[in-house]
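One structure is given here, and the rest of the page talks about it.
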Amino acid sequence: MPVFSQDIGAVFHKNESYHFLKTSITKESLEKFQKQGIVEIDSEDIVFKKTGVFEGRFFDKKIKKVRVINGYLSIIPPLLAIAFALIFKETIISLLLGIISGMFIINGFNLFYAVRDTLSEEIVSVIATKDHVSIIIFTVLLGGMVGIIQAGGGTEAVVQYFSSKIKSRKGAMLYSWLTGIAIFFDDYSNTLIVGKVMQPITDAYGVSREKLSYIVDSTAAPVTAIAVISTWIGFEISLLNNLFHQYGIKGLDGYTAFIYSIPYLFYPILTLVFVFFIATTGKDFGPMRKFEIEAVRKLCQLKGEKREDKGSLALGLIPVLVVIIVTFLGIYFSGKGEEANTIREIFANSDSFASLIWGSSAGCFVASIIALKKLKVSQIIEGWLEGLKSMVLAVVILALAWSLGDICGILKTGDYVVSLFPENFPMFLHPMLAFLVSAIISFATGTSWGTMAIGYPLLIPIVLNTPYLFASIAAILSGAVFGDHCSPISDTTIMSSMSSGCNHINHVRTQLPYAITVALISMFFCYGLLFLHLPPFVDISIGIFIIALIFKYIAKPVEDCYENKGN
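Using the UniProt record's numbering, the letters of the sequence shown map in sequence onto residues 1 to 567.
Now the structure itself:
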């Protein structure tokens, strides 16, 4: 299989052709290796001329071939997958098409090798990573736990309990939002737990699963990105620390820079505000409103039917609380060590993926013990297996999304997107441009962490000694969050639709108008006004005011059966 790399000297060690993106090789790096006697290739040809095959001498002085791929080819796989998914509403086929097209490019436009490597190498290698295996295990175990809870009647008991507390659709949505805010420490835990817990409750109040998916997806990544203690914090700090060290920045560390950037996290903050408006006003617009009207219509037809009291509230609530507590404690103790004394350091050093497995395993065990009061062991196992089966399709989609993300990494899609934007522009526009670039990268690749890994080293050095440093750091993180929770190939987007029991493409189609609305407000009315040097809270206030206008003049209410008992 061909190799792509920015570090040319590290890959020329096999007797085969090596493939490089034009955007992944700099003239300076080629000249550096030429001086070391490693490469004998005209760097002008490699970097600036058209796609083709070039020859040179390497370590063993034998002639090798280097095929240079034009950067525009790197955006074809994600664009194909996203376009086909939105048009034809077939997630699996669309993702497969994107992966195979990427492998087709990587394998020198050989379709046979593209299909072969997709099935035998790419998907298998991506699934086999520790982090991805951990997420799959956590996902299926959580599904198994929910299966036990449903078999024992715990789900119905939870619905009946909250029916006495929640009086309307608005209340159900607000509870979902608050639950998402509460699980701030990890976005994976947030999406799976909130969706699974709130799904039966929102169903009972006529909230569409598309709406629940949106609420879940639009609280998980935004609240985790804002939190000063989360599983994201270590990665963000390490990127910034490496950057500051590389450029000799003294007196500023990554965590301090992150803290100073929080007021400029306009998109995550305004997204949480937008969800709050949706929950408290009961208004919607765009495709979401159609799904909400249909959900209310179905509820009104069923209104008045008596629910069967057949379950235990303990079975419905205790296992979920165990998952949350054990996961949190797992993160804490896995990160605690001799060198990790503060909460921030502990979270930065933690093994969040192992903690997810511990939490879901404990939840399954506790659910099984409680269910023994009502069910036989064979019934518990049957319920657990049914829960596992419900997750199979989602796991397949996750694996394909990861594979496509890996393809984008190999093809340097993010680097190419960055290369499209001009280098010389007014410095006060840098945060706005950084947000736009990051949003495009994250939407195209489906990864927030990958976007930060690309965006920080490429975009931040320009503003290191300017007043726009912290705003630009926040803008890159904000753009990364945008794609993380609305790209159809993002794992958290998939997990949100899966945990909420929603069709994945319906989730993407209904969420995009809301996400794009907040993104435009953040870009033009917050980052775009930074040249006025207003305090960040003023920019946020302007954004909130515009959101309020949207809900006053554009969004329309959806009738609530619980609020119109006389009808």
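Where is the CB? At the ideal position from N, CA and C, for every residue including glycine.
Check	Outcome
Among Leu388, Phe104, Tyr161, Lys211, nearest to glycine 147 - alpha-carbon criterion	Leu388
Cβ separation of alanine 172 and threonine 202, assumed to be a contact under 8 angstroms, to the nearest whole Å	5 angstroms
DSSP three-state assignment for isoleucine 557, whether helix, strand or coil	Here residue 557 turns out to be proline, not isoleucine, going by the sequence shown. Looking at proline 557 - three-state DSSP - the assignment turns out to be strand.
Coil, strand or helix - aspartate 253 by DSSP	coil
Proximity winner among Gly108, Tyr332, Tyr260, Phe537, relative to proline 467 (alpha-carbon distances)	Tyr260
Proline 287 to threonine 510 span [Cα, whole Å]	5 angstroms
Selection from Ser368, Ile215, Phe185, Ser164 that minimises the alpha carbon distance to leucine 142	Ser368
Counted within 10 angstroms of its Cβ, other Cβ atoms place glycine 248 as buried (16 or more) or exposed	exposed
Counterpart residues of lysine 283 in DSSP-defined beta bridges	Pro557
Option in Ala227, Ile397, Ala439 with minimal Cα separation from serine 496	Ile397
Assigned secondary structure, glycine 501 (DSSP; H/G/I helix, E/B strand, else coil)	coil
Tyrosine 247, DSSP secondary structure in three states	coil
Integer Cβ distance of alanine 439 from phenylalanine 482, believed to fall under 8 angstroms	4 angstroms
Ranges of the alpha helix (DSSP H) found wholly within the stretch 121-154, counting only runs of at least 4	123-127, 130-151
Span of the alpha helix (DSSP H) around asparagine 465	That residue, asparagine 465, is in no alpha helix (DSSP H); it is neither H nor E in DSSP.
Heavy atom of the ligand MN within 8 angstroms of leucine 458 beta-carbon	In the structure shown, the ligand MN is absent, as is every other ligand, since no ligand is present at all.
Cβ-based burial, arginine 297 [other Cβ within 10 Å; buried from 16]	exposed
Identity of the residue in Leu411, Tyr267, Ser164, Ser355 nearest threonine 517 by Cα	Tyr267
Where glycine 446 falls: helix, strand or coil (DSSP)	coil
Own chain, CB closer than 7 angstroms to leucine 476, minus 5 neighbours either side, in chain order	Per the sequence shown, residue 476 should be read as isoleucine rather than leucine. So the list reads Ala434, Ser438, Met452, Gly455, Tyr456, Leu459, once near-sequence residues are dropped.
Own chain, CB closer than 7 angstroms to histidine 132, minus 5 neighbours either side, in chain order	Val126, Trp402
Alpha-carbon to alpha-carbon, aspartate 491 and glycine 102	19 angstroms
Euclidean distance between Cα positions of alanine 314 and isoleucine 149	10 angstroms
For alanine 128 and isoleucine 380, believed in contact at Cβ under 8 angstroms, the rounded distance	Isoleucine 380 to alanine 128, Cβ: 31 angstroms. No contact.
Cβ-based burial, phenylalanine 425 [other Cβ within 10 Å; buried from 16]	exposed
Helix, strand or coil at lysine 374 according to DSSP, with G and I counted as helix	coil
Buried versus exposed call for methionine 145 [16 or more other C-beta atoms within 10 Å across all chains shown]	buried
Exposure of glycine 71, with buried meaning 16 or more beta-carbon neighbours within 10 Å	buried
Exposed unless 16 or more other CB atoms sit within 10 angstroms - verdict on serine 120	exposed
Boundaries (first-last residue) of the alpha helix (DSSP H) holding asparagine 190	187-204
Buried versus exposed call for valine 194 [16 or more other C-beta atoms within 10 Å across all chains shown]	buried
For leucine 97 and phenylalanine 84, believed in contact at Cβ under 8 angstroms, the rounded distance	6 angstroms
Per-residue burial, histidine 430 [other beta carbons within 10 Å of its own, 16 or more giving buried]	buried
Rounded C-alpha distance that separates valine 322 from phenylalanine 328	10 angstroms
Environment of proline 200 [buried if 16+ CB atoms lie within 10 Å]	buried
Among Asp406, Ile123, Trp177, Tyr264, nearest to serine 472 - alpha-carbon criterion	Tyr264
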